[in-house]
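What follows is a short report on a single structure.
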Amino acid sequence: MPHIAVSMYPGRDDETKREIAEKMQQFYVETFGVDQEAVSVSIVEIPGEEFSDAIQQRYRPEELYISSRAIPAAE
């Protein structure tokens, strides 16, 4: 069963997070042709001052396909 994990800065309300989760789920369903019930989505809020470290601890550099200014690319 696929799971999509989203990490973001705090500040969005539950309605917005649910909308994001539903769009991510729908994109996955349409792209990979799986049943909607098979795809789960979580959203974790990480404060800005902890964000870069938290992501770098959670994911290996080769798992980060797109880098951002908050998460520098591996050297």
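Start counting the sequence shown at 1; every next residue gets the next number (UniProt numbering). The C-beta atom is built at its ideal place from N, Cα and C for all residues, glycine as well. As the structure is a computational prediction, the values presented were derived from the model and not from experiment.
Quick one: measure Cβ to Cβ for residue i and residue j, integer angstroms, because I've assumed they're closer than 8 angstroms.
| i | j | result |
| --- | --- | --- |
| residue 7 | residue 44 | 5 angstroms |
| residue 94 | residue 42 | Residue 94 lies beyond the residue range present for the chain, which begins at 1 and ends at 75; the question has no answer from this structure. |
| residue 61 | residue 10 | The Cβ separation is near 25 angstroms, so there is no contact. |
Considering residue i, what are the terminal residues of the beta strand (DSSP E) in which it resides?
| i | result |
| --- | --- |
| residue 39 | Here residue 39 belongs to no beta strand (DSSP E), and DSSP marks it neither H nor E. |
| residue 6 | 3–8 |
With DSSP collapsed to three states, give me the class of residue i.
| i | result |
| --- | --- |
| residue 43 | strand |
Taking the alpha carbon of residue i as the point to measure from, which residue in the options has its own alpha carbon closest?
| i | options | result |
| --- | --- | --- |
| residue 28 | 1, 57, 61 | 1 |
Shorter than 6 angstroms, the distance from the beta carbon of residue i to the closest heavy atom of the ligand MN, or not?
| i | result |
| --- | --- |
| residue 46 | Summarising the ligand content, the structure contains no ligands, and the ligand MN is consequently not present. |
**Q.** Contact the region 57–65 vs the region 31–38: 3+ CB pairs below 8 angstroms
**A.** no
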